[in-house]
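Input: a single structure, listed below in structure tokens.
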Amino acid sequence: MPERPADSALSEGLPDAAVFHEAQAEVYADAVVAAPGGVAGEVDDVVKRRLGPAFWVAVGWLVLVTAVAALAPVLPIEEPERIGVGGRYEGFTGDHWLGTDKLGRDVFARTVFGARVSLVVGFAAVAGGLVVGGLLGLLAGYRRGWFERVVMGFADVLLSFPAVILALAIVTFLGHDMWKIVLALGILSIAPITRLARANTLQWSQREFVLAARTLGAKDRRILFREVLPNVLMPMASLALIGVAIVIVAEGTLAFLNVGIENSISWGKLVLEGKDSLEQAPHVAFVPSAAMFFTVLALNFAGDRLRAHFDVKEGLL
Amino acid sequence: MRFVLRRLTNLVVVLVVVSFLTFLLMNLLPGGPEVNYLGPLYVSDLSRCEAGDIDPQLAEGCTQTIRLRETLGLDQPFLERYGRWLGNAATGDLGDSYKNGVPVMDTITESLPTSLWLMLYAQVIAFTLAIPVAIYSAYRAGRWFDRGATTVSFGVIAVPVFILAILFIFLFGVKLGWFPTIYDPTASVGERIKGMFLPALTLGLGLGAVYARLLRTDLVATLQEDFILMARAKGMSTRHILLRHALRPSTFSLITVAGIQVGALIGGALVVERIFSMPGLGSVVTESVFRRDYQVVQGAILVITSAYVMVNIVVDLIYGYLDPRVRHARAAG
Numbered sequence: 004m005p006e007r008p009a010d011s012a013l014s015e016g017l018p019d020a021a022v023f024h025e026a027q028a029e030v031y032a033d034a035v036v037a038a039p040g041g042v043a044g045e046v047d048d049v050v051k052r053r054l055g056p057a058f059w060v061a062v063g064w065l066v067l068v069t070a071v072a073a074l075a076p077v078l079p080i081e082e083p084e085r086i087g088v089g090g091r092y093e094g095f096t097g098d099h100w101l102g103t104d105k106l107g108r109d110v111f112a113r114t115v116f117g118a119r120v121s122l123v124v125g126f127a128a129v130a131g132g133l134v135v136g137g138l139l140g141l142l143a144g145y146r147r148g149w150f151e152r153v154v155m156g157f158a159d160v161l162l163s164f165p166a167v168i169l170a171l172a173i174v175t176f177l178g179h180d181m182w183k184i185v186l187a188l189g190i191l192s193i194a195p196i197t198r199l200a201r202a203n204t205l206q207w208s209q210r211e212f213v214l215a216a217r218t219l220g221a222k223d224r225r226i227l228f229r230e231v232l233p234n235v236l237m238p239m240a241s242l243a244l245i246g247v248a249i250v251i252v253a254e255g256t257l258a259f260l261n262v263g264i265e266n267s268i269s270w271g272k273l274v275l276e277g278k279d280s281l282e283q284a285p286h287v288a289f290v291p292s293a294a295m296f297f298t299v300l301a302l303n304f305a306g307d308r309l310r311a312h313f314d315v316k317e318g319l320l
Numbered sequence: 023m024r025f026v027l028r029r030l031t032n033l034v035v036v037l038v039v040v041s042f043l044t045f046l047l048m049n050l051l052p053g054g055p056e057v058n059y060l061g062p063l064y065v066s067d068l069s070r071c072e073a074g075d076i077d078p079q080l081a082e083g084c085t086q087t088i089r090l091r092e093t094l095g096l097d098q099p100f101l102e103r104y105g106r107w108l109g110n111a112a113t114g115d116l117g118d119s120y121k122n123g124v125p126v127m128d129t130i131t132e133s134l135p136t137s138l139w140l141m142l143y144a145q146v147i148a149f150t151l152a153i154p155v156a157i158y159s160a161y162r163a164g165r166w167f168d169r170g171a172t173t174v175s176f177g178v179i180a181v182p183v184f185i186l187a188i189l190f191i192f193l194f195g196v197k198l199g200w201f202p203t204i205y206d207p208t209a210s211v212g213e214r215i216k217g218m219f220l221p222a223l224t225l226g227l228g229l230g231a232v233y234a235r236l237l238r239t240d241l242v243a244t245l246q247e248d249f250i251l252m253a254r255a256k257g258m259s260t261r262h263i264l265l266r267h268a269l270r271p272s273t274f275s276l277i278t279v280a281g282i283q284v285g286a287l288i289g290g291a292l293v294v295e296r297i298f299s300m301p302g303l304g305s306v307v308t309e310s311v312f313r314r315d316y317q318v319v320q321g322a323i324l325v326i327t328s329a330y331v332m333v334n335i336v337v338d339l340i341y342g343y344l345d346p347r348v349r350h351a352r353a354a355g
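Dropping the structure here:
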């Protein structure tokens with residue numbers, strides 16, 4: 004059965020490149036492998052074995068954002084919800100570094116507290132998807148047979164379902180609190196993660212050391228968790244970083260569709276709030292936008308670099 | 023032919039499964055379309071009505087809820103309702119809206135053109151940006167232009183659609199005043215083309231960045247093949263080699279992803295349609311989810327999924343055209 008390419012429709016119109024690599028590889032393999040000549044050798048950029056300074060800048064930013072967000076209640080930051088700590092639509096001043104919004108609330112404080120929600124949603128949803136999808140993919144890739152067909156068929160169906168609409172429906176009907184949004188986005192992240200985990204498992208479980216382990220009489224469980232899993236884990240983790248970026252954007256997307264988290268602020272919600280005052284005070288929208296952009300960029304970049312780093316080509320061994 | 027048939031069977035299976043799941047999901051989630059009609063009177067748990075003496079308001083709610091469920095046909099068993107819906111859908115009848123009684127098919131055919139034009143517009147912008155950039159990047163791989171283009175596209179991909187939309191509204195709408203920031207569907211054709219520019223650019227820029235990266239990578243690979251060396255040895259011009267020899271076999275990933283995006287943008291551009299107030303399929307879906315208008319959501323998802331899967335079939339057929347090896351493999355298998 005020909006397989007449909009994976010996609011990451013979570014972020015509308017802006018899927019990440021890494022998932023495309025998989026899509027491309029699968030489609031190409033599907034079509035060409037049987038033909039003589041096969042696929043032209045992988046000629047990506049020169050494989051860099053070092054992560055490079057830019058990678059550490061990205062990691063530094065992520066650590067900084069996470070630390071500030073985690074410590075926000077104890078740091079000397081204005082209360083995000085307090086009205087009138089400054090004037091209406093103040094620009095960048097000494098008292099309020101990044102200005103104030105229409106109710107005179109501190110934009111910097113709101114952005115910092117927005118980070119708390121956005122980051123928790125991003126990491127929690129992907130962590131959930133990783134456990135469920137990772138396990139399903141691992142088993143599907145290793146066991147093959149009917150189990151694989153059922154799991155992959157299910158993943159295919161989930162993927163052909165318009166993702167944004169699914170999230171919108173789940174959240175509209177279940178309610179707008181944070182863990183329900185995490186649940187909705189977590190469910191959506193299962194299918195792509197399953198596909199990736201399976202693809203990776205397929206590749207690794209055909210290697211010689213697995214054969215060796217089997218010849219030595221290792222049980223399936225041992226082979227799966229001690230031989231295959233450690234190899235699959237790192238590529239999956241690097242893709243998970245990109246997944247976190249996608250989920251953070253998806254949460255913002257939901258906020259823009261008016262199904263954001265109730266009674267709390269996330270980056271997406273802050274951008275939406277700022278949209279109405281673009282003429283008088285563009286900074287209200289652009290400060291949280293910038294925080295979101297740099298975080299998504301850093302996650303994408305770090306994920307991409309790690310993926311390249313752990314992508315061990317046979318030729319290099 | 024056998025290939026096409028197999029894919030079409032696949033399409034039918036996917037559609038049935040997806041529509042069944044939509045139906046199931048809509049029924050499982052609490053708060054059906056009845057809420058719209060009855061508001062606070064609606065009684066979600068009808069077993070409460072069977073208790074002995076209940077207060078008059080609850081009794082009234084019970085009667086109304088039961089009557090409404092009968093009118094809407096919601097009192098019938100789930101599978102029966104799904105079966106009937108599927109049978110009607112096969113003949114092109116997607117039922118009537120719970121909200122205003124308008125046939126769902128009419129709502130969809132009315133909003134679909136806007137979404138299709140937006141998708142096409144965005145794709146044109148994306149290809150116009152991506153192809154020249156990718157060709158030049160691949161031709162001078164590793165030089166400053168290539169590095170710059172890679173960095174820029176990586177950055178563009180990281181901008182969420184809604185932030186890009188706001189940025190463009192701010193730049194081109196508020197500051198420069200070149201383009202309208204709200205789409206007016208009743209305006210003249212020229213005005214509508216202008217009005218659709220910002221939404222299309224919002225979608226197209228991100229796509230263009232993705233396309234440019236994909237095409238560049240494949241082109242770099244193709245340019246190292248023997249037949250390129252052969253062409254060069256025969257004294258062909260660089261221009262001819264790039265456009266006539268290298269481009270076609272390098273478009274596999276590009277076509278795949280562009281195809282996915284054609285499907286994804288039909289009814290998938292919810293946010294952009296909302297921000298620019300465009301009455302497309304995405305807006306219809308958003309509104310009917312909020313109104314709990316199952317029938318419309320159900321019908322729209324069917325159309326969107328069909329578009330999605332059919333585009334994928336077309337893309338698979340294009341592979342055969344692009345690469346004779348694929349054709350032969352299929353003919354043999």
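Protein sequences appear in the order of chains R and H. Everything in the first sequence is counted per the numbering used here, starting at 4 for the first residue and increasing by one. Everything in the second sequence is counted per the numbering used here, starting at 23 for the first residue and increasing by one. Think of the CB as a built atom: it goes at the ideal place given N, C-alpha and C, for glycine as much as any other residue. Since the model is a prediction, treat every value here as computed from it, not as a measurement.
To the nearest angstrom, how far is it from the Cα of A327(H) to the Cα of A144(H)?
-> Position 305 of the second sequence, counted from the first residue, corresponds to residue 327(H). Position 122 of the second sequence, counted from the first residue, corresponds to residue 144(H). In the sequence under discussion, the amino acid at residue 327(H) is Thr, which differs from the Ala named in the question. Rounded to whole angstroms, T327(H) to A144(H) spans 20 Å at the Cα level.
What's the gap between the Cα of W213(R) and the Cα of L303(H)?
-> Counting from 1 along the first sequence, the entry for residue 213(R) is found at position 210. Counting from 1 along the second sequence, the entry for residue 303(H) is found at position 281. For the record, residue 213(R) in the displayed sequence is Val; it is not Trp. Inter-residue distance for V213(R) and L303(H) is about 50 Å (C-alpha atoms, whole angstroms).
Cβ of P182(H) within 8 Å of any chain R Cβ | Within the second sequence, the letter at position 160 stands for residue 182(H). Residue-level contact check: P182(H) touches chain R, since one or more beta carbons of chain R fall below 8 Å from its beta carbon.
Measure the C-alpha to C-alpha separation of V68(R) and D240(H) and round it to an integer number of angstroms.
-> As a first step, residue 68(R) is located in the first sequence; it is residue number 65 there, counting from the start. As a first step, residue 240(H) is located in the second sequence; it is residue number 218 there, counting from the start. Approximately 36 Å, taken between the alpha carbons.
Short CB-CB distance (under 8 Å) between E254(R) and chain A | Absence of chain A from the displayed structure is noted, the protein chains being R and H.
CB contact below 8 Å: A311(R) versus chain H = Position 308 of the first sequence holds residue 311(R). Not one chain H Cβ lies under 8 Å of A311(R).
Would R169(H) count as contacting chain R if we go by Cβ distances under 8 Å?
-> As a first step, residue 169(H) must be located in the second sequence, where it is residue number 147. Closer than 8 Å: no.
Proximity to V190(R) [Cα-Cα], best of L65(R), A216(R), I173(R), K222(R) = Counting from 1 along the first sequence, the entry for residue 190(R) is found at position 187. Per the sequence shown, residue 190(R) should be read as Ile rather than Val. For the residues L65(R), A216(R), I173(R), K222(R), the minimum Cα distance to I190(R) belongs to I173(R).
Beta-carbon separation (whole angstroms), K121(H) vs R313(H), contact threshold 8 Å | Taking the first residue of the second sequence as position 1, residue 121(H) is located at position 99. Taking the first residue of the second sequence as position 1, residue 313(H) is located at position 291. Cβ atoms of K121(H) and R313(H) come within 8 Å of each other, at about 5 Å.
8 Å CB neighbourhood of S280(R) in its chain, flanking five on each side removed = Stepping through the first sequence from its first residue, residue 280(R) is reached at position 277. Within the same chain, Y92, D104, K105, V287, A288 come within 8 Å of S280(R) by CB-CB distance, once the 5 residues on both sides are set aside.
Interface residues of chain R around L292(H) at Cβ under 8 Å?
-> Here residue 292(H) refers to the residue found at position 270 of the second sequence. Per Cβ cutoff of 8 Å: E15, V167, I168, L171, T256, L260.
Per DSSP, which residues does T103(R) bridge with? Please list them.
-> For the purposes of this step, residue 103(R) is taken as the residue at position 100 of the first sequence. Answer is D109(R).
Whole-angstrom distance between V262(R) and V115(R), CA atom to CA atom | For this step, residue 115(R) is matched to residue 112 along the first sequence. For this step, residue 262(R) is matched to residue 259 along the first sequence. Rounded to the nearest angstrom, the two C-alpha atoms are 21 Å apart.
Under 8 Å, do A170(R) and V154(R) count as touching if we go by C-beta distance?
-> On the first sequence, residue 170(R) is found 167 positions in, with the first residue counted as 1. On the first sequence, residue 154(R) is found 151 positions in, with the first residue counted as 1. Inclusion of A170(R) and V154(R) in the CB contact set at 8 Å is not warranted, their separation being larger than that value.
Where R296(H) meets chain R, residues with beta-carbon distance less than 9 Å | Counting from 1 along the second sequence, the entry for residue 296(H) is found at position 274. Chain R residues near R296(H): F259, L260, N261.
Under 7 Å Cβ to Cβ from V307(H), same chain only, skipping five residues before and after it: list those, please.
-> Here residue 307(H) refers to the residue found at position 285 when the second sequence is read from its first residue. Scanning its chain for C-beta atoms nearer than 7 Å, with the 5 sequence neighbours on each side dropped, one finds around V307(H) the residues G289, L292, V319, A322, in chain order.
Return the residue from the list V129(R), R108(R), F150(R), L122(R) that minimises the CA-CA distance to E276(R).
-> Looking up residue 276(R) in the first sequence gives position 273. Closest option to E276(R), Cα to Cα, is R108(R).
Inter-residue spacing [alpha-carbon to alpha-carbon] between L251(H) and V235(R) | Your numbering for residue 251(H) matches position 229 in the second sequence. Your numbering for residue 235(R) matches position 232 in the first sequence. If you draw a straight line from the Cα of L251(H) to the Cα of V235(R), it comes to about 38 Å.
Taking all protein chains shown into account, do 16 or more other C-beta atoms lie within 10 angstroms of the C-beta of Q98(H), making it buried, or fewer, making it exposed?
-> Residue numbering aside, residue 98(H) sits at position 76 when the second sequence is read from its first letter. By the 10 Å Cβ count, Q98(H) comes out exposed.
In its own chain, which residues sit with a C-beta less than 6 Å from the C-beta of A122(R), not counting the 5 before and 5 after it?
-> Residue mapping note: residue 122(R) aligns to position 119 of the first sequence, counting from 1. Correcting the residue type first, residue 122(R) is Leu in the shown sequence and not Ala. Within the same chain, and ignoring the five residues on either side of L122(R) in sequence, the residues whose Cβ sits closer than 6 Å to its Cβ are A72.
Quick one: is L94(H) near chain R, going by C-beta distance under 8 Å?
-> For this step, residue 94(H) is matched to residue 72 along the second sequence. So, not an interface residue.
Interface residues of chain H facing S208(R) [CB-CB closer than 9 Å] | Mapped onto the first sequence, residue 208(R) falls at position 205. Simply none; closest approach about 25 Å.
Count the other CB atoms within 10 Å of the CB of K222(R); is the residue buried (16 or more) or exposed (fewer)?
-> Along the first sequence, read from residue 1 onward, the residue named residue 222(R) stands at position 219. Looking at its Cβ environment, which holds fewer than 16 other Cβ atoms inside 10 Å, K222(R) is exposed.
Locate the alpha helix (DSSP H) running through T203(H), then write down its first and last residues.
-> Working through the second sequence from its first residue, we reach residue 203(H) at position 181. Premise fails: T203(H) is in no alpha helix (DSSP H) and is neither H nor E.
Using a Cβ cut-off of 8 Å (strictly closer), state whether G114(H) contacts chain R.
-> Sequence index remark: in the second sequence, residue 114(H) carries index 92 (1-based). At a cut-off of 8 Å between beta carbons, G114(H) makes no contact with chain R.
Would you list the residues sitting across from P125(H) in a DSSP beta bridge?
-> The residue given as residue 125(H) occupies position 103 in the second sequence. Paired residues: D118(H).
Residue ranges of each alpha helix (DSSP H) within the segment 159-226 of chain H, 4 or longer = Fully enclosed alpha helix (DSSP H) runs of no fewer than 4 residues occupy 166-179, 183-190, 211-217 of the segment 159-226 of chain H, in order along the chain.
Considering only residues of the same chain and omitting the five flanking positions on each side of T204(R), which have a CB-CB separation below 8 Å?
-> One-based indexing of the first sequence puts residue 204(R) at position 201. For T204(R), same chain residues with a beta-carbon under 8 Å away, outside a window of 5 residues either side, are G140, L141, A143, G144, Y145, V231, V235 in chain order.
Is the Cβ of L339(H) closer than 8 Å to any Cβ of chain R?
-> Start at 1 with the first residue of the second sequence, and residue 339(H) comes out as number 317. Contact with chain R is absent for L339(H), since none of that chain's Cβ atoms lies less than 8 Å from the residue's Cβ.
Over the uninterrupted alpha helix (DSSP H) stretch that includes A268(H), give me the two end residues.
-> Working through the second sequence from its first residue, we reach residue 268(H) at position 246. Unbroken run through A268(H): none, as it is neither H nor E.
Hey, how far is the Cα of G195(H) from the Cα of A280(H)?
-> Mapped onto the second sequence, residue 195(H) falls at position 173. Mapped onto the second sequence, residue 280(H) falls at position 258. C-alpha separation (whole angstroms): 29 Å.
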